[in-house]
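Data block below; observations after.
Residue numbers (my numbering): 32 to 404.
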């Protein structure tokens, strides 16, 4: 039996035993290996939002509500007691220096003046008699017809009469002054802000009849918590505006701080002297005072701009010429919920990235979407 043998194995027989996918992959690899080298992908230019930082005061801003008062408010009162028969002003009236405010019944004081006048008249009569007697005794002593003792008695009588005249004159002056106390007059121009007695009432010396806010300076008075006073800088400037119309505003300086807290509210009364207050900022107006408590200068940046470099806080800074970013370490003065106060590491006019900081790498080109001045 003749056995048939197959032909010598050729390339076709060897390829026939392999799968088609394997052959395709081999040819793809061969093409990659023999073909020209692939170009690297173009560097990605990432769009970013940025911020041009500015020098600012890092700290807390506090606003409080207060009331406008006159810097000088005086209670006008009689210096003697009696029945008030007249009051010529009411709340809101303007008064001038020397203007009569109120009057007491003055019968008693007028009688005292008349009595003092009569006493002075009697004393002056005695003084005249004593002087005549003194002159007569002086002549008689010179002629040798009067004794020295009689002359000395005349001298003493004259001196006593003169003393009585002086006392009577002083009593008359006092009575006249007491009579002037029955009229209450304004000692300075101002506005009546309160009244304390009505005509017909019997008032005692020193009882407030009216309160006058003197013309001149005005204060904004606030009740301030101790925390704000402790954090407040020395001689701070306070911005003050009308609560009902914030466009009416001015500034002021702290003029007086109460040394004792209110026992109920535990706040301290602070008087802020207003500088050139607008006419609309009248006495009794409700105002809002704003003060900045930050004592150290810093740069305020959004918290979203913060990243880290070698374990330290950092931000991405954009170079304006090349439009590339680099990491810049910073010294943080204070961390906030939405803001960070930077004490060092940045300068005004630096451009920092405020969003997408985690996707950046050093030297990466960026495209600015928005730059806030």
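The beta-carbon is built from N, C-alpha and C at its ideal position, and this holds for glycine as well.
Exposed unless 16 or more other CB atoms sit within 10 angstroms - verdict on residue i
i           : result
residue 381 : buried
residue 317 : exposed
residue 308 : buried
residue 161 : buried
residue 192 : buried
residue 293 : exposed
residue 51  : Note that residue 51 scores a pLDDT of 38, beneath 50, so its modelled location is shaky; the value from the coordinates is reported in the next line. Exposed, because fewer than 16 other Cβ atoms sit within 10 Å of the Cβ of residue 51.
residue 313 : exposed
residue 442 : This structure cannot settle anything about residue 442, because the visible part of the chain is limited to 32 through 404.
residue 152 : exposed
residue 197 : exposed
residue 181 : exposed
residue 170 : exposed
residue 76  : exposed
residue 383 : buried
residue 240 : buried
residue 272 : buried
residue 251 : buried
residue 269 : buried
residue 199 : buried
residue 109 : buried
residue 83  : exposed
residue 265 : exposed
residue 125 : exposed
residue 249 : buried
residue 253 : buried
Cβ-Cβ separation, residue j to residue i (assumed contact under 8 Å), whole Å
i           : j           : result
residue 155 : residue 230 : Actually they do not touch by this definition, with Cβ atoms about 40 Å apart.
residue 96  : residue 385 : So it is not a contact: roughly 35 Å between Cβ atoms.
residue 379 : residue 85  : 6 Å
residue 147 : residue 206 : 4 Å
residue 94  : residue 320 : 7 Å
residue 113 : residue 233 : 7 Å
Residues near residue i by beta carbon distance below 8 Å, same chain, minus five either side
i           : result
residue 2   : Residue 2 is absent from the model: the chain starts at 32 and stops at 404.
residue 368 : 334
residue 111 : 135, 140, 209, 212, 213 and 236
residue 360 : 340, 341, 343, 344, 345 and 376
residue 394 : 355, 356 and 357
residue 201 : none
residue 289 : 299, 300 and 301
residue 216 : 129, 130, 131 and 132
residue 185 : 161, 164, 165, 167, 168 and 169
residue 203 : 144, 147, 148, 150 and 151
Any non-hydrogen atom of the ligand NAD closer than 7 Å to residue i Cβ
i           : result
residue 387 : With respect to small molecules bound, the structure shown includes none, and the ligand NAD cannot be examined in it.
Close Cβ partners of residue i (< 7 Å) along its chain, the five nearest in sequence each way excluded
i           : result
residue 315 : 98 and 99
residue 58  : With a pLDDT of 30 at residue 58, under the threshold of 50, the predicted position of this residue should be treated as unreliable, and no value is reported.
residue 263 : 322 and 324
residue 306 : 281, 282 and 283
residue 183 : none
residue 122 : 223, 224, 225 and 226
residue 392 : none
residue 137 : 210 and 213
residue 337 : 344, 346 and 371
Sequence-distant residues of the same chain with beta carbon closer than 6 Å to residue i, five excluded per side
i           : result
residue 78  : 398 and 400
residue 55  : Summary for residue 55: the model assigns pLDDT 33, below 50, so the residue's position carries little reliability; its value from the coordinates is reported in the next sentence. Within the same chain, residue 55 has no close Cβ partners at all.
residue 389 : none
residue 246 : 220 and 221
residue 244 : 101, 104, 221, 222, 224 and 314
residue 374 : 329, 362 and 364
residue 179 : none
Proximity test, Cβ basis, 8 Å: residue i and chain D
i           : result
residue 293 : No chain D is present in this structure, which holds just one protein chain.
Query raised in the report: How do the stretch 296 to 304 and the stretch 344 to 357 stand: do at least 3 beta-carbon pairs fall below 8 Å, yes or no?
Result: Flag = no, the stretch 296 to 304 and the stretch 344 to 357 do not touch.
Report task. Any chance you could list the beta strand (DSSP E) runs of at least 3 consecutive residues sitting entirely within the stretch 283 to 370, in chain order? Result -> Entirely contained in the stretch 283 to 370, the beta strand (DSSP E) runs reaching 3 residues are, in chain order, 298 to 306, 317 to 323, 327 to 333, 338 to 340, 343 to 350, 355 to 360 and 362 to 366.
**Report entry** Segment contact flag, the stretch 221 to 228 with the stretch 168 to 179, C-beta cutoff 8 Å, min 3 pairs
**Finding:** The stretch 221 to 228 vs the stretch 168 to 179: no contact.
Query raised in the report: Should the stretch 99 to 109 be regarded as contacting the stretch 259 to 267, the criterion being three or more beta carbon pairs within less than 8 Å?
Result: With the rule of 3 Cβ pairs closer than 8 Å, the stretch 99 to 109 does not count as touching the stretch 259 to 267.
Query raised in the report: Should the stretch 211 to 221 be regarded as contacting the stretch 264 to 278, the criterion being three or more beta carbon pairs within less than 8 Å?
Result: The stretch 211 to 221 is not in contact with the stretch 264 to 278.
Query raised in the report: What residue ranges within the stretch 211 to 263 form continuous beta strand (DSSP E) runs of no fewer than 3 residues, ordered along the chain?
Result: Listed in chain order, they are 214 to 216, 221 to 226, 239 to 245 and 249 to 256.
Query raised in the report: Could you give the uninterrupted runs of the beta strand (DSSP E) lying entirely in the stretch 129 to 162, keeping only those of 3 residues or more?
Result: Qualifying beta strand (DSSP E) stretches, in chain order: 131 to 135.
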